[in-house]
Amino acid sequence: PSQVVPGADPSARQLCFAWGPAEVLVCETLFGRRGGSPSRARVRCVAGSGDGGQSSSRVFVVRKDQDIYIQTLRKLFNESHGIFIGLQRSEEELAGKSRKAQLVQVSKNYRSVIRACMEDMHQAAISARDPALQSQYSTQVSILSAMELIWNLCEILFVEAAAAGPLLLRLLDWVRLHICDVDNMVREVLSSENPSKHELFWNVVDVFVLQGRMDEARHLLSKEASANPTSVNMYKILDDLMKKMPMPSLGNTQTLTEMELKWQHWHEECQRYLQDGTFASNSHMESICKILLGDEDAILEKKELMTTWYHFLVTRLLYSHPTVKPMELRFYAQSSMDLFLGGESSPEPLDTILMAAFEFEMHQVIKECSIALSNWWFVAHLTDLLDHCKLLQSHNLYFGSNMREFLLLEYASGLFSHHSLWQLGVDYFDHCPEYGRVYLELHIERIPLNTEQKALKVLRICEQRQMHEQVRSICKIMAMKALRNNRLGSALSWSIRAKDAAFATLISDRFLKDYCERGCFSDLDLIDNLGPSMLLSDRLTFLGKYREFHRLYGEKRFSEAARLLLMLMTAHIAPCSFWMTLLTDALPLLEQREVVFSAEQTYELMRCLEDLTAQKSDKQKFQGEDVETVKVEMLRLALARNLARVIVKEGTLEGS
Numbered sequence: 001p002s003q004v005v006p007g008a009d010p011s012a013r014q015l016c017f018a019w020g021p022a023e024v025l026v027c028e029t030l031f032g033r034r035g036g037s038p039s040r041a042r043v044r045c046v047a048g049s050g051d052g053g054q055s056s057s058r059v060f061v062v063r064k065d066q067d068i069y070i071q072t073l074r075k076l077f078n079e080s081h082g083i084f085i086g087l088q089r090s091e092e093e094l095a096g097k098s099r100k101a102q103l104v105q106v107s108k109n110y111r112s113v114i115r116a117c118m119e120d121m122h123q124a125a126i127s128a129r130d131p132a133l134q135s136q137y138s139t140q141v142s143i144l145s146a147m148e149l150i151w152n153l154c155e156i157l158f159v160e161a162a163a164a165g166p167l168l169l170r171l172l173d174w175v176r177l178h179i180c181d182v183d184n185m186v187r188e189v190l191s192s193e194n195p196s197k198h199e200l201f202w203n204v205v206d207v208f209v210l211q212g213r214m215d216e217a218r219h220l221l222s223k224e225a226s227a228n229p230t231s232v233n234m235y236k237i238l239d240d241l242m243k244k245m246p247m248p249s250l251g252n253t254q255t256l257t258e259m260e261l262k263w264q265h266w267h268e269e270c271q272r273y274l275q276d277g278t279f280a281s282n283s284h285m286e287s288i289c290k291i292l293l294g295d296e297d298a299i300l301e302k303k304e305l306m307t308t309w310y311h312f313l314v315t316r317l318l319y320s321h322p323t324v325k326p327m328e329l330r331f332y333a334q335s336s337m338d339l340f341l342g343g344e345s346s347p348e349p350l351d352t353i354l355m356a357a358f359e360f361e362m363h364q365v366i367k368e369c370s371i372a373l374s375n376w377w378f379v380a381h382l383t384d385l386l387d388h389c390k391l392l393q394s395h396n397l398y399f400g401s402n403m404r405e406f407l408l409l410e411y412a413s414g415l416f417s418h419h420s421l422w423q424l425g426v427d428y429f430d431h432c433p434e435y436g437r438v439y440l441e442l443h444i445e446r447i448p449l450n451t452e453q454k455a456l457k458v459l460r461i462c463e464q465r466q467m468h469e470q471v472r473s474i475c476k477i478m479a480m481k482a483l484r485n486n487r488l489g490s491a492l493s494w495s496i497r498a499k500d501a502a503f504a505t506l507i508s509d510r511f512l513k514d515y516c517e518r519g520c521f522s523d524l525d526l527i528d529n530l531g532p533s534m535l536l537s538d539r540l541t542f543l544g545k546y547r548e549f550h551r552l553y554g555e556k557r558f559s560e561a562a563r564l565l566l567m568l569m570t571a572h573i574a575p576c577s578f579w580m581t582l583l584t585d586a587l588p589l590l591e592q593r594e595v596v597f598s599a600e601q602t603y604e605l606m607r608c609l610e611d612l613t614a615q616k617s618d619k620q621k622f623q624g625e626d627v628e629t630v631k632v633e634m635l636r637l638a639l640a641r642n643l644a645r646v647i648v649k650e651g652t653l654e655g656s
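Using our numbering, the first residue of the sequence shown is number 1, and each one after it goes up by one.
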C-alpha cells in the first residue's frame, strides 16, 4: 500500500529519500525548477516543517515500525522478552506430554501479556481527552484483540494440537473468551425487576445456547417457567434435553464411539419432540430446539447475536458434529464462512488469517499476519514458538536463513531504532544462530552514544560477546568526544581501553602541553594509576614516568628523582621538544645543599644540553630567544657548579 507523507506534495516538488536501518529520510527538492536539468537538480533541506517557499524544503522521517514508539505497548515488548528468553533456555530434554504442557504454558503467558496490554490500552482510551489520541488507542485495542484471537486459535490447533473431542471444548472456550458482547446484555437483563419480561431476555438465552453455556441458559429459562406457569411442561422437557446433551470430555473417560452413540440417541430424542410439536406454542423454545438439532437455518437466524462466521462455525460443530477431527475443520470453516457472509461482503484480513489457521496452513498464517499487522512482534514470537514445537523445521527461505530467524532479525532490527528498547534486541540477535551476530555488529555501531553510561552499557555487551572491533570503535568514538570537550582524563581512559597507541600518544601530548602552559597536571588519579597501561605507547610511558618524577620530588626522594629524570632523557623516551622542560626541572636538584647528581650523571646532563642547543641551532633559533638563552646559561652555570662540588666531594672521599 502507498504511504502518504503528511505535508509532502510530490506533485509540486520531487521527493528524494535515503534508507536507514529502521526509517527513511524523505526530503523535498528543487528539481527542475526554473527550467533546470536533472544534472542541475538541487536539494535544500531544513529540518522541521518549513514554510514551503522557494528558499526552503522540508525533511520527513518515515518510520516503518511506529508501534515501538507507543508508550503503552512498552509492556508488550518488555514482558514478552522475558518469556522469549525463558523459552530459549528451557529444558529441551523434556519430551512428550511434559514438553507440550510447557509450550502450551509459554503460549498462555504470551496471551496474558497481550491481554494485559490490551486492558491498559483500553483504560488509556477511556481517560484520553484528545479525540485523535482516543482513536489511536481504540485502534490499538482492536489490533491487540485480533492478535490474541489469532494466537489463541494457533495455540489450540498447533501448539496443543487438541484431538477430536477436546478440540470442540477448546474452540468453545475460544469463542466465549473473545466474543463477550453478551456479558453487558446479561447484566442488563439480570439487573431488571422481571428478567423474563425484559426485551432482551430471549436474546441472552439464545446466546448462551449458541455458545454451549447450557447451565446458564437453563438458569434463565427457569425464570421464564416461574413467571409463566403455562410453559412449565415445555420448560421441563427443554431443560431435560439441555441437561442430557452429551459433551466431549477432556479426560479419557469415554471413547469417541461412545460419545457419538450418546449424541445420536440424544439427537433423535430432540428430533422426536420437535416433530411432535411439543414446542409449537412457544416460538422461542421451538427455535432453541431447532438449534439443538443443528438446523443451519435456525442458527443463521441468530446471525446478529453471533456477529462472526467463526462463532457460527463453532456453534454449528457443537450441534451437528461435536467429534470433529482437526483435519476436517477446513471443510466446515470454508462452508461456514460462505453461509454466514452469503456473498454480501468479502472476507476481511482477519477472516483470511483465521481461515488459513483452520486449514492448518501455518506459513500462510504467518505470511498474512506479516502483511496485516503493523509490527513484527506477533509473527516473530509466534513463529519462534511454533519452531520450538518442531512444526517449521522443513521450511527454509531461499536466501539461507529459516523463517524463525528471518522474523526475529526483522523484529530485533526494529527495536534497535528505539532509544532504550535496543537492549531487548540484543538478546533476540543472540538467539539467531546464523545471522544474529552479523546483525548485532552492524546495528550496535549505529547506537547513538549520548552519555558515557550508555557507552559503557554498549561496551559491556560487546565485550561479553568478544566483539573486539566494535569495542575499539566505541572507545575511539568516546575518546574523540571527550577530547573535543577538553576532558583529557576521560579521553585517555577511553583510548587505553581501545588499545589505540596513536590516539594515546596524541592525548599524552595534550597533557604535556597543558602542563607546560599551566605548570601542573590534571587528572592526577588517572595518571598515577596507569600501571601496565602506560606501555601502550612511548609517549604515554613518558607521561606516567614524568608524573612519577614529580611525585618523588614532592616526597623529597631527590636521588631517585634525579636517576629517573636522567633515564627519561638518555633512554630517548622523552620527546625532544620536552628536553628543555626536563633540564629546567633538573635545576632545583642541581642547587640542592646535598649533591644529588654524580659526576657521570652531570656529564650526561651536559651532553643532553649541548645536543639540545645544537639541534636548535641547526633547525631554528629559540623561540623567545632571550628567555631561552637565559635558561641555557643558568643550566650551564648550575651544571658547572654541581660538577665542581661533585669533584671536590668525590676527591675528598677518595683521599679519606
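By construction, the Cβ of each residue, glycine as well, lies at the ideal position given by its N, Cα and C atoms. Keep in mind that this is a model prediction, so the values were computed, not measured.
Check whether residue i and residue j have beta carbons under 8 Å apart
i: Glu28; j: Arg13; result: yes
i: Ile68; j: Leu421; result: yes
i: Gln364; j: Ala372; result: no
i: Asp509; j: Arg539; result: yes
i: Ser537; j: Ala501; result: yes
i: Ala227; j: Tyr235; result: no
i: Ile661; j: Ala455; result: Any property of residue 661 remains undetermined from this structure, which presents the chain solely from 1 to 656.
i: Ile647; j: Ala614; result: no
i: Cys516; j: Thr581; result: yes
i: Glu405; j: Tyr435; result: yes
i: Ile477; j: Val458; result: no
i: Phe158; j: Met403; result: no
i: Leu543; j: Phe578; result: no
CB-CB length for residue i against residue j, believed under 8 Å
i: Leu526; j: Gly554; result: About 18 Å; that fails the 8 Å criterion.
i: Leu382; j: Cys16; result: Not confirmed; about 37 Å, so no contact.
i: Ile114; j: Leu144; result: 6 Å
i: Val661; j: Val209; result: A query on residue 661 cannot be resolved here, the shown segment of the chain reaching from 1 to 656 and no further.
i: Ala498; j: Arg472; result: 5 Å
i: Leu168; j: Pro322; result: 5 Å
i: Gln271; j: Leu238; result: That belief does not hold up - the Cβ atoms of Gln271 and Leu238 are roughly 14 Å apart, past 8 Å.
i: Gln470; j: Cys462; result: 5 Å
DSSP-derived helix/strand/coil call for residue i
i: Leu408; result: helix
i: Phe416; result: coil
i: Val641; result: The amino acid occupying residue 641 in the given sequence is Arg; Val does not appear at that position. Three-state DSSP puts Arg641 in a helix.
i: Phe360; result: coil
i: Ala128; result: coil
i: Glu368; result: helix
i: Phe597; result: coil
i: Val426; result: helix
i: Arg42; result: Note that Arg42 scores a pLDDT of 37, beneath 50, so its modelled location is shaky and nothing firm can be said.
i: Arg13; result: coil
i: Val632; result: helix
i: Leu25; result: strand
i: Ala574; result: coil
i: Asn450; result: coil
i: Asn375; result: coil
Best match in the options for proximity to residue i [C-alpha to C-alpha]
i: Ala124; options: Gln140, Ile444, Glu359 and Tyr110; result: Gln140
i: Met242; options: Glu269, Thr253, Ser374 and Ser495; result: Glu269
i: Gln104; options: Lys75, Cys389 and Pro322; result: It should be pointed out that residue 104 corresponds to Val in this sequence rather than to Gln. Minimum Cα distance to Val104 is reached at Cys389.
i: Tyr332; options: Leu261, Trp309, Ser231 and Asp427; result: Trp309
i: Tyr428; options: Gln470, Glu328 and Ser413; result: Ser413
i: His267; options: Ser320, Leu250, Met534 and Leu635; result: Ser320
i: Met567; options: Pro588, Glu591 and Thr541; result: Thr541
i: Ala161; options: Glu560, Lys325 and Leu552; result: Lys325
i: Arg593; options: Glu633, Phe511, Ala638 and Leu172; result: Ala638
i: Thr253; options: Pro166, Lys244, Met327 and Glu368; result: Pro166
i: Met245; options: Ser231, Thr257 and His265; result: His265
i: Ser374; options: Pro575, Met147 and Thr307; result: Met147
i: Asn233; options: Met285, Leu256, Met214 and Val314; result: Met285
i: Val106; options: Ser401, Ser90 and Ser346; result: Ser90
i: Pro448; options: Leu530, Lys481 and Gln464; result: Lys481
i: Met360; options: Pro349, Glu344, Glu328 and Glu348; result: Note that residue 360 corresponds to Phe in the displayed sequence, not to Met. Out of Pro349, Glu344, Glu328 and Glu348, Glu328 has the C-alpha closest to the C-alpha of Phe360.
Legend entry - Continuous alpha helix (DSSP H) assignments of at least 4 residues falling wholly in the segment 516–571: 524–528, 538–554 and 558–570
Legend entry - alpha helix (DSSP H) runs contained entirely in the segment 262–295, provided each spans 4 or more residues: 283–292
Inset, instruction - Could I get the ranges of all uninterrupted alpha helix (DSSP H) runs contained in the segment 462–520, with 4 residues as the minimum, in chain order? - result: Listed in chain order, the complete alpha helix (DSSP H) runs (minimum 4 residues) inside the segment 462–520 are 468–484, 488–497 and 501–518.
Legend entry - Runs of beta strand (DSSP E) wholly within the segment 202–234 (minimum 3 residues, chain order): none
Inset, instruction - Starting from the N-terminal side, write out each stretch of the alpha helix (DSSP H) that is 4 residues or longer and does not extend beyond the segment 90–170. - result: 96–127 and 131–154
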